[in-house]
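Heads up, the thing below is written out as structure tokens.
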Amino acid sequence: MVTKKSGVNPALSQKCEVRSQKLRALSNKGIKIIEYEGECVDLKWLMKKLGEMGLTSVLIEGGSSLNSHALEDGIVDKVMFFIAPKIIGGKESFPSVGGKAFRKLSEAHQLKNITLKRIGEDILIEGYINK
């Protein structure tokens with residue numbers, strides 16, 4: 000992740016010697032490197048670190064695993080889903096949010112203040128997590 004806003008330019012990296020040259024190049028461009036141990040970053044820890052750097056809004060753009068972890072960790076306030084006029088699927092396909100399945104609809108993450116917007120042929124659905 001690299002972002003530019005208010006002079007804060009963070010990047011996230013798993014500690015790894017192979018990447019050290021790339022990290023130095025980013026650091027030389029004024030990008031703050033946040034390193035972490037292990038295979039998966041603790042998202043609550045990361046949000047705290049980014050908050051300490053002055054960031055108040057973070058876009059998480061990921062796959063089903065990252066999306067489910069962010070929701071489970073309670074760090075998501077707003078979601079944005081784009082729906083394209085295409086039908087894809089199959090046994091090997093991934094859902095937009097992975098993780099544990101809910102047995103009842105009442106257990107699912109509920110959205111409030113929902114807006115719909117057409118962007119070209121796509122539809123953008125925005126909503127806030129009802130906590």
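Reading the sequence shown from the start, the letters are residues 0 to 130 in numbering that gives the first Met the number 0.
Think of the CB as a built atom: it goes at the ideal place given N, C-alpha and C, for glycine as much as any other residue.
Check: Grab the span of the alpha helix (DSSP H) containing Met46 for me, first residue to last.; Outcome: 42 to 51
Check: Check the C-beta distance from Asn66 over to Ser95 and give it rounded, since I have them as a contact under 8 Å.; Outcome: 6 Å
Check: Output the distance between the C-alpha atoms of Asn112 and Gln20, rounded to the nearest integer angstrom.; Outcome: 45 Å
Check: Determine the extent of the beta strand (DSSP E) in which Arg117 is found, giving its start and end residues.; Outcome: 110 to 118
Check: Just the C-alpha distance for Met52 and Met46, rounded to the nearest angstrom, thanks.; Outcome: 10 Å
Check: Pull up the distance between the alpha-carbon of Thr55 and that of Ile74, whole angstroms please.; Outcome: 12 Å
Check: Specify the secondary structure class of His68 as computed by DSSP and reduced to three states.; Outcome: helix
Check: Between the Cα of Asp121 and the Cα atoms of Lys85, Leu70, Leu25, which residue gives the shortest distance?; Outcome: Lys85
Check: Whole angstroms is fine: what's the gap from Asp76's alpha carbon to Leu49's?; Outcome: 16 Å
Check: Answer with buried or exposed for Ala69, where buried requires no fewer than 16 other C-beta atoms within 10 angstroms of its C-beta.; Outcome: buried
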